[in-house]
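There are 4 protein chains.
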Amino acid sequence: MSECIFNKLHEECGVFGIYDNDSLDVIASTYSALYALQHRGQESCGMAINVDGVITGHKDVGLVNEVFTPEVLTKILPQNGKMAIGHVRYATSGSRTRHNAQPLVVKHCKGAMALAHNGNLTNAAQLREELELTGAIFHTSSDTEVISYTITKERLTAPSIEVAVSRTMDIIKGAYSLVITSPTKLLAARDPRGFRPLCIGKLENSYFFASESCALDACGATFVRDVEPGEIVVCDKDGLRSIKDHCGGPTNMCVFEYIYFARPDSVIDGSSVHTARQRAGAFLALEHPVQADVVIGVPDSGLDAALGYAHQSGIPYGVGFIKNKYIGRTFIQGSQKQRENSVRIKLNPISATVTGKRVILIDDSIVRGTTSARIVRLLREAGAKEVHFRVSCPPFLHPCYFGTDIDSRENLIAVNRTNEEIAEIIGADTLGYLSVDNVVKLADRSTCGFCTGCFTGEYPVEVPSEKVVDKFSRPLSESPKKK
Amino acid sequence: MSECIFNKLHEECGVFGIYDNDSLDVIASTYSALYALQHRGQESCGMAINVDGVITGHKDVGLVNEVFTPEVLTKILPQNGKMAIGHVRYATSGSRTRHNAQPLVVKHCKGAMALAHNGNLTNAAQLREELELTGAIFHTSSDTEVISYTITKERLTAPSIEVAVSRTMDIIKGAYSLVITSPTKLLAARDPRGFRPLCIGKLENSYFFASESCALDACGATFVRDVEPGEIVVCDKDGLRSIKDHCGGPTNMCVFEYIYFARPDSVIDGSSVHTARQRAGAFLALEHPVQADVVIGVPDSGLDAALGYAHQSGIPYGVGFIKNKYIGRTFIQGSQKQRENSVRIKLNPISATVTGKRVILIDDSIVRGTTSARIVRLLREAGAKEVHFRVSCPPFLHPCYFGTDIDSRENLIAVNRTNEEIAEIIGADTLGYLSVDNVVKLADRSTCGFCTGCFTGEYPVEVPSEKVVDKFSRPLSESPKKK
Amino acid sequence: MSECIFNKLHEECGVFGIYDNDSLDVIASTYSALYALQHRGQESCGMAINVDGVITGHKDVGLVNEVFTPEVLTKILPQNGKMAIGHVRYATSGSRTRHNAQPLVVKHCKGAMALAHNGNLTNAAQLREELELTGAIFHTSSDTEVISYTITKERLTAPSIEVAVSRTMDIIKGAYSLVITSPTKLLAARDPRGFRPLCIGKLENSYFFASESCALDACGATFVRDVEPGEIVVCDKDGLRSIKDHCGGPTNMCVFEYIYFARPDSVIDGSSVHTARQRAGAFLALEHPVQADVVIGVPDSGLDAALGYAHQSGIPYGVGFIKNKYIGRTFIQGSQKQRENSVRIKLNPISATVTGKRVILIDDSIVRGTTSARIVRLLREAGAKEVHFRVSCPPFLHPCYFGTDIDSRENLIAVNRTNEEIAEIIGADTLGYLSVDNVVKLADRSTCGFCTGCFTGEYPVEVPSEKVVDKFSRPLSESPKKK
Amino acid sequence: MSECIFNKLHEECGVFGIYDNDSLDVIASTYSALYALQHRGQESCGMAINVDGVITGHKDVGLVNEVFTPEVLTKILPQNGKMAIGHVRYATSGSRTRHNAQPLVVKHCKGAMALAHNGNLTNAAQLREELELTGAIFHTSSDTEVISYTITKERLTAPSIEVAVSRTMDIIKGAYSLVITSPTKLLAARDPRGFRPLCIGKLENSYFFASESCALDACGATFVRDVEPGEIVVCDKDGLRSIKDHCGGPTNMCVFEYIYFARPDSVIDGSSVHTARQRAGAFLALEHPVQADVVIGVPDSGLDAALGYAHQSGIPYGVGFIKNKYIGRTFIQGSQKQRENSVRIKLNPISATVTGKRVILIDDSIVRGTTSARIVRLLREAGAKEVHFRVSCPPFLHPCYFGTDIDSRENLIAVNRTNEEIAEIIGADTLGYLSVDNVVKLADRSTCGFCTGCFTGEYPVEVPSEKVVDKFSRPLSESPKKK
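Chains as they are written, first to last, in this note's numbering: chain A, 1 to 483; chain B, 1001 to 1483; chain C, 2001 to 2483; chain D, 3001 to 3483.
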């Protein structure tokens, strides 16, 4: 999605775990995996290493190669661990803060535990309040701490960590893909609906859990299978085993994982993400055909759909933009004239592709429309005769309660507007979105159902009546009246 | 103490709090105060700012001016707080870790709370275990988290934070000087024995709490009085008030605060630290007189006692060493020959003062003796004819359970050795320690009793039978058998 | 080229200059331009700002957004300049050193001067020796300092800086694209052969010089024309004027600018780089046809040629690899097993595209072959049935004397090997290179001739008999005998 | 001097060199020496290492332990040098810039050379102009580059580097203490007047040059003797030898080296700096006696003189202030009220010493008087009954042309004011300066004459008619008319 250049829509996390039985360097594997999962979260990252039951970690705001400097990798992290978990995060709050970085390492009556979590609970606020009323103190405002407390409470009476996790799954609601290390075990758990992906890999006798298969590839591991919705997978000295008490119900993978979040080289639930995106383009070509000379995509995530559109329609595929590959925080101000031009620093059209041409432009979403308008203008300035905008997903109309940070409703361009009105705002000649009917067909080999709540407002599970704001970030003067 | 150059003996912390009623910049005050308290802890530091009940903070390993960069002070910390607390820390563990930095900011049923703590509980391990058995999870291995939990638990039934703190003081044992901010109040509490100092300051209508009065000076505040042993002082919109339920018993201030930890410009319990150190020198001159030409001190903390010795004995005071004032981490290796010389980089004798002279050398303590031996050798190489070593405190023979990190007993040079044997080891002609009888007379205007446990092995309160090691830093393979 | 991921073949520099007449922020423009030119050099970068004749600058090792931090941009650089020049550099020596970073700012009898240089002189060593024999001292080992000295010497008798530059062009030989600021003028000069690109842009009344037109786009400027080979363009308060004393001879643009160095969205000498690369692919399809199911390119620079090959051959274009876009220095070691896998961290194949397919793989060059072999292996592991390797340039067989750092001859895989032998080494089923006959036809609208010396060994100008090593980096013990 | 806390008066440099014959680590020695010389310059520092004739270095703005990180010491600097030179600098310009950092490493016809320079030439501007008129280009605005050029020019015809240096000493005028390394030699040279100190040390068979003997101590080297005014000392494989062509004339060491610049543990020209300062206090007691209860000094440099005053007068010496030893850049703003208090963060009075007392306060200089006024006020607020200010040098009335950056004349409080007027301004009861007659007697065992130009306006050598401003930092619009 072009918006990714401007950081508008965010997945919250990627998770990883390794149980080594082959003298692998678990830090090196976790580093490689987090680097491969970096697209799932750029705000903060962390690792926790388990050395014979002692669990220590390091986490901070920044990219993987910023946080994990040579000094951290060789001096701060312990060097002889057999288990490790890792996490990358994009905070919903927007502020760059170290407090909510993961994994969360906690100490409790049965030893230490570290958790990495991708998703969003729908009953976190309620669980938190119940815990507080028994004297619990919280260091963070993250769901992960609520999950940790719940597991710990259950662990007091449960015979094992896996039973405690299973009981916790009776209590927590919503989306979660978890990787956990206890003193002697590595666990993976996925919520019964399977909102977020989670898969299992293997390299010789060592096991891996990861949000996406591209992280397994980065470790040199082979993809074994996905963790099933509702499944708990336990890895310890006896190998892998599975608890399926919460499996078997209806499932609802987030369809936006295929459209935008996941890396195209990942395979989720049996379906290639790259193929799913090509299919989105092909469906678009069928739903919204138009006469044109070239099909181009907005880098990087619009490219696959553009190729699919081109193949389906027979209109040539072209490279329309160059994206500056030296990504990073840039600081630049300049005059008004210069600021208006700032998008070109990151994205520049190739005139040879578009000048004098009728252009079909594919992007994977439109949020506010501001960026889309700029990109259309770039094409016109570069000489495009016509610009036909095609979007490889349906319009966003509703909030997500399962871990995606969609803009607030008043900012969503598609709310209460026709395609023609949107086309006019963004300066396109025509506009077409992929239909909800087709969006659920993208993953051709997937056995999961899908969640399309952000498009339809129909959610697979109960959602809170209103979005809860963290009460601790609300000043006293704005507090609701005491009851 | 000379050893301070080589980081051998550590106080664990300094604390600070401000309640502003005069449009002061609470960040600037806290910064100034922590900078003034830096000698009490150089490993990590932190601040928590209370803005209308929302408490956020920043803490990290490093010195105050390393952690609180312009960006942190102006962008990361919130700018309009009316309350703030701060902390400097020297970790006993030795490893530079961010995890145990303070203040600790927690969220619980009655709102947020931040704590800064100086001291050491004697029943922390036991309390922690009890809490864990009710499902508590711990993020740190510090006593401060145990105190936070205990306050939170009591707060569930207590009508106010101050009552919760008072009840907590019935539960926790040992040494603690606490500064706490709740959403609407700033509190200070000192353990009933008054092991660690804590005082109150005022500037117009604003109030301050600090470990030492030098921090009040740095804020431009006036010293009001010490917090009494056992007292809780509460500051809120109605001003200052006091809870003295735990006051009135026997008191035992750590005498080493006067000898080494505190800054000479601080006044503790009515007694000037500078004067106390001069008195130590004067007592030494009476206890261990010797014929000599000059009295010199080991910078910085031996200087005051040297001046006292000189005044009492009539032997001229001289400047014997220059200490390099560009303190900081240095990294240097070099050949064996060069490493042996490394002490000179930090401390160099002034030949003009000592060549051909009989020298009385005053230091405030000897721990292992290694550094003392090097310093004596420096003086001999610079031409001193005789070196008479005088120590402004009694010999260390026992561990401290109240917040000082004394070396393990097998490393203490004074254990099982006569003064003559020690003198021979460190190369001095004669050696004399201040007596325990006189050490308790140093603070001439103090009304407190003193703790001299590290010299005598007689502790004012019950102490654990053995030093407890954090169970979470012990690998599974070394765990004790399950009972 | 895939090798770019592994830093094997380097252009040395990109240059930029701005003369502002419209209250632009020259720092913001230079920043944007250098950011757009970053692909031409990642080792160091710099700016020099001219404020009313006072020229100051900042340069350091690192990427543009690492060196030009907010503090540097707003506090260290002067804020009200009307002229600025900038530079990005990749050092041939390989060591990350600040000494040879540019622009070079010097002070001489007629005022200050700053230079930014892209290219390589063939008579630098000789000129340097002559200068030294008159007492010159050198701070760097770069050609740029030789050029500065020469201009300064000529300036002693020349009536203007442009005449001094013109006379300098009689003296210096080889490849150079220069941007210079004197106290009152901005100059651009390109060597008579035009080895390296250099172009002119305009925005309202302000002028720009840049190595590539993509930098003009980033500034919001319009492309005016290329600086002609041999031309000096002078910009001052009277506008733009041209000195063409060295124009009109044969020209020899480096053809590798089209194949690899330049950004695809740049237009050089009238020809789109993107189009040139597509043509390379089309020529390859004609020269080396093969039956296959899909054509893929090695990201990023092989993609355009792959698209050209696909269009020409009718075989579908596919996306074969995902390149991790979070580029940056990574530090990772791990076990032997893990190191072998390290290429996957940066480049991962998409199985859906290649499994069970006959694949045509396009890359823009092969240097040592090691990386090519790894990439072919990745495809085979992902299930490719056949891999037909096509290279969009002829084989490297000879050194470059004009600014490209080609590996030493003994490392070049193509030297003394047939295509079949190379194919076997890299594991490809077949291999085909673009012919020299076609490589000079890539730039369809270019009026320049080309240099193909690295392919043919026939150089357009005299080259040194051997590569000269900087005498100052040679220890005394290895010095040649004094004559 | 108290002003040192506020950075008002600056020495420009410290220099060092080592010629190793004993397998010492020359980097470790240079590091130790620069650390010991840090008080002579805190803006920037650098080292140049000579490995078998190849000279490379590293320099940057910052303190020694900031610039020479472990990475620089072990990876950037070459590890097997036998010669090294080093430099610490305080720039007169005030701006923190890397450009003028030293040592200066240059390459010329006879090989490489590195120079470190302490002092200030009086004819640099004229020499520079002459060089420029022959085509020289300058990278810096420092005298050091002028000296380098001159040596290089002379070297063209001189038979050796030492002869070139000797001829250079015929040409350059003013103050200079130089340490130089050529490919095979280490040289030290001191100007004929001996304005700045320079001494020779030895450790086994290795030789050392340093601005002050405290740097030799830090290296474990033994002081051999001072380099004589006008002497060139050459160290090479044949050992040490001396060229004394410029020796024998009148000499004029800067007296302020004894009063403030040098470290008290250094011995210069046979006289202990510490003793000289004590003598200053004793002379003051004789010149300006007063009835009082205690004598205190402003830390650090007023302490020795205070001790001397106390011994001479019989009035007890006391410790009046604690200076915060965690020096470093601090950033703090706060309200107006808080800023006024800022001096206390660095310097806090000890009430026990001064309350109710008549205090004699010794400082080593008064420049503008602002800081002195603040310090007097601190004492009064702490309860001092009377404050008698004594200054251990005469009043500053004239500029220095030999390397000290004295404030401009309009800022000097002593210009055109009586002692009584100054006393009133700074709030002291009485004020007394050391007389010029006595200031030249401070160095009791020195054979040098002294420069007292800043006190008397009588300079030992010709000085420029006006202070020359670097023409390259003057904008065109302010340039003088061309002649």
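Cβ coordinates follow ideal geometry from the N, Cα and C atoms, glycine included.
- Residues of chain C with a Cβ closer than 7 Å to the Cβ of ASP3052(D) are, in chain order, PRO2475, LEU2476, SER2477.
- The DSSP-derived three-state label of CYS393(A) is coil.
- In the three-state scheme derived from DSSP, where H, G and I count as helix and E and B as strand, THR2056(C) is classed as strand.
- In this structure, LEU3216(D) keeps its C-beta atom at 7 Å or more from the C-beta atom of PHE3209(D).
- Those residues of the stretch 146 to 171 of chain A placed with their C-beta closer than 7 Å to a C-beta in chain B are SER148, TYR149, THR152, LYS153, LEU156, ordered along the chain.
- Identification of chain C residues near GLN38(A) by a Cβ-Cβ cut-off of 9 Å yields ASN2324, LYS2325, TYR2326, ordered along the chain.
- Listed along the chain, the chain D residues whose CB falls inside 8 Å of the CB of CYS1214(B) are ILE3322, ASN3348.
- Proximity of chain A to PHE1472(B) at the Cβ level (cut-off 7 Å) is accounted for by VAL54, LYS107, ALA112, in chain order.
- ALA3048(D): member of the beta strand (DSSP E) spanning 3044 to 3051, first to last residue.
- For VAL1255(B), the closest C-alpha among the options LEU1434(B), ALA1028(B), PRO1070(B), THR1030(B) is that of LEU1434(B).
- One Cα belongs to LYS185(A), the other to LYS110(A), and the distance between them is close to 13 Å.
- Excluding sequence positions up to five before and after GLN1312(B), its CB lies within less than 6 Å of the CB of ALA1282, ALA1285, all in the same chain and listed in chain order.
- TYR260(A) and SER160(A) have their C-alpha atoms roughly 38 Å apart.
- Between the C-alpha atoms of ASN252(A) and GLY270(A) there is a straight-line separation of about 15 Å.
- Under the three-state reduction of DSSP, GLU386(A) is assigned to strand.
- From the beta-carbon of GLY1046(B), no residue of chain A is found nearer than 8 Å; the closest lies around 12 Å away.
- With 16 or more other CB atoms across the displayed protein chains lying within 10 angstroms of its CB, LYS3357(D) is buried.
- Look at the stretch 3072 to 3084 of chain D: the residues with a C-beta under 7 Å from a C-beta of chain B are LEU3073.
- Runs of the alpha helix (DSSP H) spanning 4 or more residues and lying entirely within the stretch 2061 to 2115 of chain C occur at 2064 to 2067, in chain order.
- A Cβ of chain D is located within less than 7 Å of the beta carbon of ASP1025(B).
- When DSSP assignments are scanned along the stretch 153 to 236 of chain A, the uninterrupted stretches of beta strand (DSSP E) that are 3 or more residues long and fall wholly within it turn out to be 174 to 181, 186 to 190, 199 to 203, 206 to 210, 222 to 226, 232 to 236.
- Closer than 9 Å at the C-beta level to chain D, one finds these residues of the stretch 2168 to 2197 of chain C: PRO2183, THR2184.
- Secondary structure of ASP1143(B) (DSSP, three-state): helix.
- Setting aside the 5 residues that flank it on each side, VAL2227(C) is surrounded in the same chain by SER2177, ALA2188, ALA2189, ARG2190, LEU2198, CYS2199, ILE2200, PHE2209, VAL2233, each with a C-beta closer than 8 Å to its C-beta; the list follows chain order.
- Excluding residues up to 5 positions away in sequence, VAL2146 lie with their Cβ nearer than 6 Å to the Cβ of ARG2128(C) in the same chain.
- At a cut-off of 3 residues, the continuous stretches assigned as beta strand (DSSP E) that sit fully inside the stretch 1250 to 1322 of chain B are 1294 to 1297.
- With fewer than 16 neighbouring CB atoms inside 10 Å of its own CB, THR1074(B) falls in the exposed class.
- For SER242(A), the enclosing beta strand (DSSP E) has its first and last residue at 239 to 243.
- The alpha-carbon of GLY14(A) is positioned some 34 Å away from that of PRO2316(C).
- Using a 10 angstroms sphere on the CB of ASP363(A), the tally of other CB atoms reaches 16 or more, which defines it as buried.
- VAL2290(C) and ILE2180(C) do not touch by the CB rule: their CB atoms are close to 50 Å apart, not below 8 Å.
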